[in-house]
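This report concerns only the one structure given below.
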Amino acid sequence: MTNELDIFVGNTTLIDEDVYRLWLDGYSVSDAVARRVRSGILEQTGATAAVLQSDTMDHYRTFHMLERLLHAPPKLLHQLIFQIPPSRQALLIERYYAFDEAFVREVLGKKLSKGTKKDLDDISTKTGITLKSCRRQFDNFKRVFKVVEEMRGSLVDNIQQHFLLSDRLSRDYAAIVFFANNRFETGKKKLQYLSFGDFAFCAELMIQNWTLGAVGEAPTNPDSQVDDMDVDLDKEFLQDLKELKVLVADKDLLDLHKSLVCTALRGKLSVFSEMEANFKNLSRGLVNVAAKLIHNKDVRDLFVDLIEKFVEPCRSDHWPLNDVRLFLNQYSASVHSLDGFRHQTLWDRYMGTLRGCLLRLYHD
Amino acid sequence: MPGKLKVKIVAGRHLPVMDRASDLTDAFVEVKFGNTTFKTDVYLKSLNPQWNSEWFKFEVDDEDLQDEPLQITVLDHDTYSANDAIGKVYIDIDPLLYSEAATVISGWFPIYDTIHGIRGEINVIVKVDLFNDLNRFRQSSCGVKFFCTTSIPKCYRAVIIHGFVEELVVNEDPEYQWIDRIRTPRASNEARQRLISLMSGELQRKIGLKVLEMRGNAVVGYLQCFDLEGESGLVVRAIGTACTLDKLSSPAAFLPACNSPSKEMKEIPFNEDPNPNTHSSGPSTPLKNQTYSFSPSKSYSRQSSSSDTDLSLTPKTGMGSGSAGKEGGPFKALLRQQTQSALEQREFPFFTLTAFPPGFLVHVGGVVSARSVKLLDRIHNPAFVGIMGNTRSYKLLDWNSFNADEPETRDAWWAEIRQEIKSHAKALGCHAVVGYSESTSICEEVCILSASGTAAVLNPRFLQDGTVEGCLEQRLEENLPVGCGFCHIPYDELNMPFPAHLTYCYNCRKQKVPDVLFTTIDLPTDAAVVGKGCLIQARLCRLKKKAQAEANATAISNLLPFMEYEVHTQLMNKLKLKGMNALFGLRIQITVGENMLMGLASATGVYLAALPTPGGIQIAGKTPNDGSYEQHISHMQKKINDTIAKNKELYEINPPEISEEVIGSPIPEPRQRSRLLRSQSESSDEVIELDLSHGKKDAFVLEIDDTDAMEDVHSLLTDVPPPSGFYSCNTEIMPGINNWTSEIQMFTSVRVIRLSSLNLTNQALNKNFNDLCENLLKSLYFKLRSMIPCCLCHVNFTVSLPEDELIQVTVTAVAITFDKNQALQTIKTHVEKSLQRASTDNEELLQFPLELCSDSLPPHPFPPAKEHLESASSNSGIPAAQRATSVDYSSFADRCSSWIELIKLKAQTIRRGSIKTTVTVEKASPVAEGNFRNRSAPPCANSTVGVVKMTPLSFIPGAKITKYLGIINMFFIRETTSLREEGGVSGFLHAFIAEVFAMVRAHVAALGGNAVVSYIMKQCVFMENPNKNQAQCLINVSGDAVVFVRESDLEVISTQQPTANCQPLCTGGEVTT
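This is the structure:
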């Protein structure tokens, strides 16, 4: 006696959160059943394994049918086939678009293309996340990217509107889209200690300050569509950053800058002598990063450069985080007292964001 | 020219991509009604077209309005080739034809294609302007309201209940026409859907005409079914109960009347001992009269098909009324006369209702049923087919002009069966049949027609207009005992139609009641019940040799009696095992397949306080000398006794008991009274024959003489009770639970198993079938575990045998949550009350103290002498059952009587209980909480779809139905040629059923409703051909679209118009009217 056909359809679609999680995690029906058995559900409910199997199959079938709708969440709200209470709909969407930290670190900043998709096998082996789940997460990234890539207006708002995600998750997706678009390198060994949260933090600062959308109220060219976007860095701004080079190229300016910082910080830093000795190197590093950003290649290496040029030297001298903060604050502020320097606004736009990023990146 | 139909196509959304190149669609819409077609403009390159069309106007006869569906087809425009169809929407405009129902149909409808399923949605507005024409010869019956609900709809009052209406229409099945060989599956499916839609429209109109003839204005308990007879055609038939209904005008007025049962029950006062009723007493027993007739379709002579037809008509009628006159005194005689005259005008005094206005149901006799096996014959008529295929295919042909015999044949078949039912009812001393239903099972060219109902005596007050004198009416009402009256036997105990064991009613002690009562109706709301009820099922398979035509039909006819017998025995056994004494909502389904017959009976077991406590089950071995065998038997016996005790605890069956010593006194008293009556009526006194005072309870004996019997006993014990927190029943209301909260979940579950074909025996088959049903129930309990505590109500099992080795079981039910805490409280207070009551009763009326005896089941062996005395033929009775296949059925009637004798039981102790499971405690908070949760949902549903509830029940817990919008009756076909790609058979059917639900909800929402009540999936025919990667499924559903308002909302906004309150339908903001 075998069950040829076995279905259960409710007027209100039944959603079992535990089974949904197993499905999202990419387990096959039999694996999911095994896991549910281990969870002790049989003992709690007095059900048999056959019942569990049938139940799991039913849920998997429902999720499979819902998946098509989850690809465009507003459709889930308007469709008539599954009657699902709004709170459940929100849960379905949010969970579907949730991703694993381990996975996102692997693909963050990579081009969301077929090539990367082929590497998912390796990522799956490396992270222990099932290939199915990797695919779902990758496809989610790609889908969101495709939809909002060319859109005007706030990136976070666009994502929220088109995918009905929570604020938190929308911000995360904004970071993923931003990184994928600018192809920031995040996979190098020396970047491994950084979490997705670190990058997302930096991405948010950069979106707020370095993109065209950031110019906000006074757009340079109000008629241009392409320009009013959060995903691309402001080219003009990057161009202008070359002007900062004078800070290190002009020997007098560099000395003056150094003396201003040293005067202000004397006695306040535990690593004052190291700072004094390293000042020119550090400053050169930071200003050169800025000056090079006009090249795409160097944009991609932004995080590598920041680590190499700033984080690592400081870390090797064992700067405490608080000293880094004091230094960066003073370093940025002192420029205002340099009489010969004319690019104060530019400097603030650059350094304000960079300071935030560096502080976030400076940890073990 | 009495009607103008206006249609506007507003917009579409989520359309499928029809042009691969652009990933877009150039959609337009064809709107067709009758012969007229309109088209919208093509909306280029969009998946969300905004047509915003003009109003398309159709000027049509009201006859057409009733018959025809509005057909909306969405197409993709193609410049170079034929336009591709995206899908269709059929809209039944019937609800717009009665004044009180919907005024406009407006909303998003799923666009449905029989091959691809739902493909996007379309927003449509439909209106009808009706012109009155009063003086025409009417062919239409606009204005007659139809209800699927099998009780008087909640916001109406029954003025008169006229009675039975039936009609059937026959046509050729498009699937079997020659043209089907050359047309696409899609065209064929659509032809079928359209034809059935037309046929149901016509059927409804014809029934409406009959209702108007009877001067009624509504049909209640309308049940329409399809018989897919294959090559011999397609039959659409319907039955219902014609009524004159009055709308309860103001919402305030119907507040008490249209409550959910929880409140209704509350209002019913505790059962006070009624005045002695003067009319004749008599118990009723769950007698099932069966007839089996087999006649090849060509013989039109009405065969006297059953061996017990002689029970029928004249002799018994005469006797029945005669004795009534004799014993009952003038009053009863008058009642009987009047009812009879009221009913005799009717050909068939049948009622499809299962619940009745208070006072309508006087007595219940028992279940009556009839079955008949028929041969379907192919009709050769090429000329006819040609015409169907061509010019007039949109319009129903009058079959009579082609094959005059055909509908008559079907009519005659049913008339024959109904006649049987009528005569059975008469034999039970009843003049009417309630809870009546009809069904068929078809396999190849063999068809089993079945009809069943509950024989009853009705109060004439509702049946006729003003013929009943006021005083009589009043007296009647005074005299009707509340809570137990319906249990009293309607037949004369001296001329009982079958041997039954009668006792005095345990409630009123005035009238006779049977030991067990089987009915097809719902538990009357005022019935006095002890404890909770439960779902009881009897399941049975019988192998049958494959045979052709008449040989096959004969074989089936021969098997049927034994199936019925065994089903009945199983039911009786299980009922006893539960410690209960009555079945409600009994539905026995016999399904015929190529090589087997399946029987499935479902009912809700209840302990009626008025009926005696059932005896236990006694096991007797055949070879008592064998020691180990003996041990085995006693072990089994112990298990059974334990189960009974456990069940009693589980279902809270603890009627107040009266110890044996006490029984002596109460009985003589009523007996004397009855003797007195008898002597008045000069009746011979044979009362003594019914020895009520003997102190021994005759247990129900199961003889284990072979492995078969052993299996039976085992299978009895395999039924696992539902997990704690779950209850189930197949009636509307679960006896003993009445504090429903508002969460409901309706569902359909389908399972198909493939039997391993090797060495199939009846036993293996039975086990497989039993496991299938049990596992299905277990799965349901598991799935719905989050709703605990809850009750599965209206559990409806349907069995079909789609192929040789396949068994398909379809279940539709609704899970309703209830408040556990309150339930516990209730039980407590309730038990206290009942105890109190019982004692006061005893003290006041019986004048002896109450004693509770705790040991409820001392197993007494069945006295052999007694057995002899009672049923001389019982010896032959049992073996007959076991040698089922070899027995000639003509002698069945005799055996039938012998087994009824056999299964009689006698109470050892006379127990008295007048417990009512009513609650008077009202607790508003949980309900309100539930509502709050529910109400908080729609606000964020601003942009989403409004919630439409579906339930097979006639009510929605915690809510009031304020308006009936019309009947929903939909038929869908879905076919696939890519079965694997759609997730196999399960994926295919899962998606299809979800789509059917969606389409029902969309239609209800478009009518302005927010729920479907009395929802039923009447058919779910599934066929697969995995080798060809194909499958096809037909589903037919119906129900009543309604508007409901939460009770808590009503209280809050009681001054406002209640309907203004319920607008959960956001069917699209962009709709303009």
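Chains as they are written, first to last, in UniProt numbering: chain B, 1 to 364; chain X, 1 to 1073.
The beta-carbon is built from N, C-alpha and C at its ideal position, and this holds for glycine as well.
Everything numeric in this text was worked out from a predicted model, so none of it was measured.
By how many angstroms is the C-alpha of residue j removed from the C-alpha of residue i?
i: Leu70(B); j: Ser724(X); result: 37 Å
i: Pro95(X); j: Leu228(X); result: 27 Å
i: Gly3(X); j: Asp92(X); result: 15 Å
i: Val156(B); j: Lys117(B); result: 25 Å
i: Leu265(B); j: Leu253(B); result: 18 Å
i: Ala998(X); j: Pro612(X); result: 48 Å
i: residue 1079(X); j: Ile160(X); result: Since the displayed chain X opens at 1 and closes at 1073, residue 1079(X) lies outside it and no answer follows.
i: Tyr1015(X); j: Glu94(B); result: 34 Å
i: Tyr727(X); j: Trp740(X); result: 13 Å
i: Val809(X); j: Arg751(X); result: 5 Å
i: Ala425(X); j: Ala432(X); result: 7 Å
i: Val367(X); j: Lys1028(X); result: 46 Å
i: Glu59(X); j: Gly34(X); result: 10 Å
Below 8 Å between beta carbons: does that hold for residue i and residue j?
i: Phe163(B); j: Cys134(B); result: no
i: Glu185(B); j: Val304(B); result: yes
i: Thr591(X); j: Ser441(X); result: yes
i: Leu523(X); j: Val606(X); result: yes
i: Phe341(B); j: Leu247(B); result: yes
i: Ala456(X); j: Cys430(X); result: yes
i: Lys778(X); j: Ala72(B); result: no
i: Cys447(X); j: Cys484(X); result: no
i: Gln224(X); j: Ser1038(X); result: yes
i: Lys247(X); j: Cys148(X); result: no
i: Ile973(X); j: Arg192(X); result: yes
i: Val1042(X); j: Tyr964(X); result: yes
Within the same chain, show all residues whose beta-carbon is closer than 7 Å to that of residue i, passing over the 5 residues directly before and after it, in chain order.
i: Asp240(B); result: Leu346
i: Leu22(B); result: Ala32 and Arg35
i: Leu772(X); result: Arg751, Ile753, Ile807 and Val809
Evaluate residue i with the Cβ neighbour count: other Cβ atoms within 10 Å of its Cβ, from every protein chain shown; 16 or more gives buried, anything less gives exposed.
i: Gly40(B); result: exposed
i: Tyr96(B); result: buried
i: residue 1082(X); result: What the structure shows of chain X is the stretch from 1 to 1073, and residue 1082(X) is not part of that stretch, so it cannot be assessed.
i: Met746(X); result: buried
i: Ile182(X); result: exposed
i: Trp414(X); result: buried
i: Trp108(X); result: buried
i: Asn296(B); result: exposed
i: Ser224(B); result: Confidence is the limiting factor: at Ser224(B) the pLDDT is only 48, short of 50, which leaves the residue's position unreliable and the question unanswerable from this model.
i: Gln419(X); result: buried
Take residue i and list the residues in its own chain whose beta-carbon comes closer than 6 Å to its own, dropping the five residues that flank it on each side.
i: Gly579(X); result: Ile644, Asn647, Lys648 and Ile653
i: residue 1086(X); result: Chain X is shown only over 1 to 1073; residue 1086(X) falls outside these bounds and no answer can be derived.
i: Leu571(X); result: Ala538 and Ala601
i: Thr40(X); result: Ile9, Phe28, Val29, Trp51 and Ser53
i: Lys833(X); result: Per-residue confidence for Lys833(X) stands at a pLDDT of 44, beneath the threshold of 50, marking its modelled position as unreliable; the derived number appears in the next sentence. Same-chain partners within the cutoff: there are none.
i: Pro110(X); result: Ile118, Glu121, Ala998, Met999 and Ala1002
Grab me the residues of residue i's own chain with a C-beta within less than 8 Å of its C-beta, minus the 5 sequence neighbours each way, in chain order.
i: Leu321(B); result: Leu359, Tyr362 and His363
Check your understanding: Looking at chain X, which residues of the segment 37-60 of chain B have a Cβ within less than 8 Å of any of its Cβ atoms?
Key -> Thr45, Gly46, Ala47, Thr48, Ala50, Val51, Leu52, Ser54, Asp55, Met57 and Asp58
Point to revise | Proximal residues, the segment 3-29 of chain B versus chain X, C-beta separation under 9 Å | key: For the segment 3-29 of chain B, which is checked against every Cβ of chain X, the residues closer than 9 Å are Asn3, Glu4, Leu5, Asp6, Ile7, Phe8, Val9, Gly10, Asn11, Thr12, Thr13, Leu14 and Asp16.
Check your understanding: Taking any Cβ of chain X, which residues in the segment 80-98 of chain B have a Cβ under 8 Å from it, in chain order?
Key -> Leu80, Ile81, Phe82, Gln83, Pro85, Pro86, Ser87 and Gln89
Practice item. Quick one: which residues of the segment 136-159 of chain B get their C-beta closer than 8 Å to a C-beta of chain X? List them in chain order. Key: Of all residues in the segment 136-159 of chain B, none has a Cβ within less than 8 Å of some Cβ in chain X.
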